[in-house]
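I have placed the structure first, in the form of C-alpha cells, so that the comments after it can refer back to it.
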Amino acid sequence: MNISKASKDPRMIKALTGTSYQEFTNLLVSFEKALIAIKKENKDRKRGIGGGQKGHLKTTADKLFFTLFYIKTYPTFDVLAFFSNKSRGRSCEAVHLYLLALKKALGYEIVLPERKIHSVEEFIKLFPEVKDVFLDGTERKIRRPKKKKNQNKQYSGKKKTHTRKNVIMANEKKKILFLSKTKSGKRHDKKIFDKSILKIPDAVAKWTDTGFQGLAKFLKNVVMPKKGTKKKPLTKEEKENNRIISSFRVVIEHAIGGIKRFRVLTDVLRNRIGIFDDLVMEIGCGMWNYHLRYTQ
Numbered sequence: 165m166n167i168s169k170a171s172k173d174p175r176m177i178k179a180l181t182g183t184s185y186q187e188f189t190n191l192l193v194s195f196e197k198a199l200i201a202i203k204k205e206n207k208d209r210k211r212g213i214g215g216g217q218k219g220h221l222k223t224t225a226d227k228l229f230f231t232l233f234y235i236k237t238y239p240t241f242d243v244l245a246f247f248s249n250k251s252r253g254r255s256c257e258a259v260h261l262y263l264l265a266l267k268k269a270l271g272y273e274i275v276l277p278e279r280k281i282h283s284v285e286e287f288i289k290l291f292p293e294v295k296d297v298f299l300d301g302t303e304r305k306i307r308r309p310k311k312k313k314n315q316n317k318q319y320s321g322k323k324k325t326h327t328r329k330n331v332i333m334a335n336e337k338k339k340i341l342f343l344s345k346t347k348s349g350k351r352h353d354k355k356i357f358d359k360s361i362l363k364i365p366d367a368v369a370k371w372t373d374t375g376f377q378g379l380a381k382f383l384k385n386v387v388m389p390k391k392g393t394k395k396k397p398l399t400k401e402e403k404e405n406n407r408i409i410s411s412f413r414v415v416i417e418h419a420i421g422g423i424k425r426f427r428v429l430t431d432v433l434r435n436r437i438g439i440f441d442d443l444v445m446e447i448g449c450g451m452w453n454y455h456l457r458y459t460q
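In this note's numbering, the protein residues as written are 165 to 460.
In C-alpha cells form, the structure reads like this:
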C-alpha cells in the first residue's frame, strides 16, 4: 500500500480511507497507543511487545491505512489480501484486530457516541450545553438468513429486505451523541428507543420523525411532524409546519449520511452479524465525530 502516493492527492486519500491526510496523521498517535494496549492485554502472548515476525504491514501508518481502507471500500478478503500482500486468512485476522484498536483509538480521542445514559443527571453532565436533540433510526442490509425464523426476525417492512437497525441521537452540530444497540430490522424505531438505556431531560427538545409515533405520551417537549390519513388529510398549515420541522431535522439526516461514507455500513453486510456488526457501526459514528472536529 503506497501511503506516500495517496497522501499527495487529497481526493485519493479521502476515497481510500474516508479521512484527510491531517485527520489520518493525527489519528496515528492514538492508534499506536491502542495497539500497544491490546498487545499488553493479551495474556497468552509469549514474546515481548515488538518481538516476533514483523509481517507485511510494518509501520503503524500501514496498519491504520489498511483498517480505514477496509471500512471505506469494504473489499472482500481476497481483494484485501491482494492489495496488502497478505494471505486471505491473515487479512481477516488483521481486520478484526485492527478494528478493535481503531475503536480504542477513537475512545482515546473522545469521539465515540455514548451507548448508555442511565439518568437525567448523567445526560446533563455529559452534554451540559445541549438544548435540542435529533433522533432517527438507520438501517443497513444484511444477507438473507437461511433459517425461516431469522428471516422473519431480520426482515424490514420499510426497506423490503433483511436489515440491521440502530437509533441515533445527534445535536444541532451533527455530532452523534448516542448510539443504541444494534437490533433486527423488524424492530420499530420507537421500540428500540424504549428499550435503550437513554434518559433525556424534559427541558431538552426532542426532534423526531413519525417513526417515533406515541413518544409524546411518555416524554415532554417532543417535536414531531403530524401524520395525515385518507379520512383526515393534512391542512396547508399542518403541511407547512411539517416542512419547518423537517428543515430543522435535516441535521440528523446529514449525520447519518456522514456515517455512511464508509461502505461497510452501506453495502450488504457479508460478515456474520453480532459483535462485528455493532462494532463497525460504533466506529462509523466515532469516525464521523472525529471528522467534525476538523470541519467545524
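Note that beta-carbon positions come from the ideal geometry of N, C-alpha and C, so glycine has one too.
It should be emphasised that the depicted structure is a prediction, and the values quoted were computed from it without experimental measurement.
| Ala-396 versus Glu-402: straight-line alpha-carbon distance, rounded | As a position in the sequence shown, residue 396 is number 232, starting the count at 1. As a position in the sequence shown, residue 402 is number 238, starting the count at 1. Ala is not the amino acid found at residue 396; the sequence shown has Lys there. Going from the Cα of Lys-396 to the Cα of Glu-402 covers about 12 Å.
| Of all the beta strand (DSSP E) runs that stay within the bounds of the region 259-292, which reach a length of 3 or more residues? | none
| request: State the DSSP-derived secondary structure class of Asn-435, mapped to helix, strand or coil. | output: For the purposes of this step, residue 435 is identified with residue 271 of the sequence shown, where counting begins at 1. Note: Asn-435 maps to coil in three-state DSSP.
| task | Can you say whether Arg-175 is buried or exposed, counting buried as having 16 or more other CB atoms within 10 angstroms of its CB? | result | Reading the sequence shown from its first residue, position 11 is the one you call residue 175. It is exposed - the Cβ of Arg-175 has fewer than 16 other Cβ atoms within 10 Å.
| request: Indicate whether the contact test is met: 3 or more Cβ pairs, each with one atom in the region 416-423 and one in the region 335-343, closer than 8 Å. | output: yes
| request: Could you have a look at Phe-440 and say whether DSSP puts it in helix, strand or coil? | output: Against the sequence shown, residue 440 aligns to sequence position 276. Helix.
| task | Give every residue of the same chain whose Cβ lies closer than 7 Å to the Cβ of Tyr-272, excluding the five residues on either side of it in the sequence, and list them in chain order. | result | Your numbering for residue 272 matches position 108 in the sequence shown. Excluding sequence neighbours, Tyr-272 sits near Ser-194, Lys-197, Ala-198.
| Where Thr-231 falls, given that 16 or more other Cβ within 10 Å makes a residue buried | As a position in the sequence shown, residue 231 is number 67, starting the count at 1. Buried.
| field | C-alpha distance - Lys-178 paired with Asp-353, whole-angstrom precision | value | As a position in the sequence shown, residue 178 is number 14, starting the count at 1. As a position in the sequence shown, residue 353 is number 189, starting the count at 1. Distance between the alpha carbons of Lys-178 and Asp-353 is about 32 Å.
| message | Using DSSP's beta-bridge definition, name the partner residues of Phe-247. | response | Position 83 of the sequence shown, counted from the first residue, corresponds to residue 247. Bridge partners of Phe-247: none, in fact.
| said: Using a 10 Å radius around the Cβ and a threshold of 16 neighbouring Cβ atoms, would you call Gly-349 buried or exposed? | reply: Counted from its first residue, the sequence shown places residue 349 at position 185. Buried, since its Cβ has 16 or more Cβ neighbours within 10 Å.
| message | Within 10 Å of its beta-carbon, does Ser-283 have 16 or more other beta-carbons around it, so buried, or fewer, so exposed? | response | Start at 1 with the first residue of the sequence shown, and residue 283 comes out as number 119. Under this definition Ser-283 is an exposed residue.
| Where does Phe-298 fall in DSSP's three states? | For this step, residue 298 is matched to residue 134 along the sequence shown. Strand, per DSSP.
| said: Between which two residues does the beta strand (DSSP E) holding Met-333 run? | reply: The residue you call residue 333 lines up with position 169 of the sequence shown. Run containing Met-333: 325-334, per the beta strand (DSSP E) assignment.
| Helix or strand or just coil, what does DSSP make of Ser-168? | Against the sequence shown, residue 168 aligns to sequence position 4. Residue state, collapsed to three classes: helix.
| said: By the three-class DSSP mapping on this structure, what secondary structure does Ser-344 have? | reply: In the sequence shown, counting from the first residue as 1, residue 344 sits at position 180. Three-state result, Ser-344: coil.
| field | Unbroken alpha helix (DSSP H) run spanning Ala-225, endpoints | value | Taking the first residue of the sequence shown as position 1, residue 225 is located at position 61. Unbroken alpha helix (DSSP H) run through Ala-225: 224-237.
| message | Mapping the DSSP letters down to three states, classify Arg-304 as helix, strand or coil. | response | Stepping through the sequence shown from its first residue, residue 304 is reached at position 140. Residue state, collapsed to three classes: strand.
| field | Range of the contiguous alpha helix (DSSP H) that encloses Ala-369 | value | Taking the first residue of the sequence shown as position 1, residue 369 is located at position 205. From DSSP, Ala-369 is part of no alpha helix (DSSP H) but of the beta strand (DSSP E) over 369-371.
| query | When the Cα atoms are used, what is the spatial distance from Gly-450 to Lys-394? | reply | Within the sequence shown, numbered from 1, the residue matching residue 450 stands at position 286. Within the sequence shown, numbered from 1, the residue matching residue 394 stands at position 230. The straight-line gap from Cα to Cα measures roughly 42 Å.
| message | Quick check: what's the CA-CA separation for Phe-241 versus Thr-327? | response | Indexing the sequence shown from 1 puts residue 241 at position 77. Indexing the sequence shown from 1 puts residue 327 at position 163. So the alpha carbons of these two residues sit roughly 22 Å apart.
| Just to confirm, are Lys-363 and Leu-299 a CB contact at a threshold of 8 Å? | In the sequence shown, counting from the first residue as 1, residue 363 sits at position 199. In the sequence shown, counting from the first residue as 1, residue 299 sits at position 135. Taking 8 Å as the Cβ cut-off, Lys-363 and Leu-299 do not qualify as a contacting pair.
| If you follow the alpha helix (DSSP H) that Val-193 is part of, which residue opens it and which one closes it? | Against the sequence shown, residue 193 aligns to sequence position 29. 185-205 is the extent of the alpha helix (DSSP H) around Val-193.
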